[in-house]
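Input: a single structure, listed below in structure tokens.
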Amino acid sequence: MFTDTGFRLAGFTFAWYSVLVIVGAWVAALLAAHLAKRVGLEPERVWQALIPASILGLVGARLWFVCFPPQSVVANGRTADWLLRNFFDLNQGAITVWLGGLGILGGMAGGVVGLWLYTRLTKQPLLPWLDIAAVVFPLAQAIGRLGNGINQELYGPVTQLPWGMPVTIEAQRVAPYTDLTVYPLATTLFHPVFLYESLLCVAIFVVMLSLWLRRRSRLRAGELTLIYLTLYGAGRFLLEFWRVNVSLIANVNISQVVSLALAVGSLVLLIVHSRQPVPQSA
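Residue numbering for the sequence shown follows the numbering used here, starting at -10 and increasing by one per position.
Take a look at the structure:
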């Protein structure tokens, strides 16, 4: 049986968001295996590395959500303190990852840790694998972000534009859009920030793949990763100005601050790296 946000199969409920995240990871891994083969790395290691990267990525994404819950969650009494104190509450506690609630910035950090552990254990070079991940990950992001649209998440202010998205799930509304007399569920449209970010990730993917195909030999190991972090961090920083239902600490949008720091820090490192000569093959 199909619903607006998922479907049931063999007694289990599957969310469209989860399905799209899995599809995005699978497509990205297929491309990563192809790129690895082109540079003499073992493509089967992509699927091996995907396991720890996915597990720790999920842990990191959930920890980000728990530590920095969005306004709609806080408004319902589930602050970071409550989520941690009720960690094993199977209805709403921090452990209930199956009910949704992930943060991509935490997921990225966890995924990098997972990849680092894999390369340490298998004695693989970290930076070439990070560069491959930097090329394919925005493609996975672009696909996964569509799930946020299905869940009616990641929206911006009210708009009259034809591509505006409805937010008919009342629990996803935050003030002032909780006033349903002014902003009716059925007729109010919002900027689809999830779609803007998905398109941003498509654009980043095109840039990254072009750099990989045309300029890889001129770049030092790790520079593709820094380029990705600069582009995504800058784009995410700008999109956060549009987004409502953000994570606040002392009235500051934590995702926006971290995104800016990520972009600036990566750009500085990229400039330093670019001033060093590229090692020549013997």
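Even for Gly, the Cβ is constructed at its ideal location relative to N, Cα and C.
Between the alpha carbons of Ala122 and Phe194 lies a distance of about 11 Å. Bounds of the alpha helix (DSSP H) holding Glu33 are Glu33 to Cys56. The C-alpha of Val246 lies about 10 Å from the C-alpha of Gly222.
Per DSSP, the beta bridge partners of Ile238 are Val241. Note on geometry: alpha-carbon atoms of Pro114 and Thr108 lie some 6 Å from one another. Counting along the chain, no alpha helix (DSSP H) covers Val86, and no H or E run does either.
Between Ser255 and Thr219, the C-beta gap is smaller than 8 Å, which places the two residues in contact. Leu52 and Gly95 do touch by the CB rule: their CB atoms are close to 5 Å apart, below 8 Å. Met154 has Phe179 as its beta-bridge partners, per DSSP.
Assigned with DSSP and collapsed to three states, Val8 falls in helix. Looking at the DSSP output, Val257 shares a beta bridge with no other residue. Under DSSP, the beta-bridge partners assigned to Val147 are Phe179. Contact holds between the stretch 13 to 24 and the stretch 122 to 140, because three or more Cβ pairs, one in each stretch, are under 8 Å apart.
By the neighbour-count criterion, in which 16 or more other beta carbons inside 10 Å mark a residue as buried, Ala250 falls on the exposed side. With a cut-off of 8 Å on Cβ pairs, the stretch 25 to 42 is not in contact with the stretch 70 to 78, counting fewer than three such pairs.
The stretch 70 to 118 is shown to contain whole alpha helix (DSSP H) runs of 4 or more residues at 93 to 111, in chain order.
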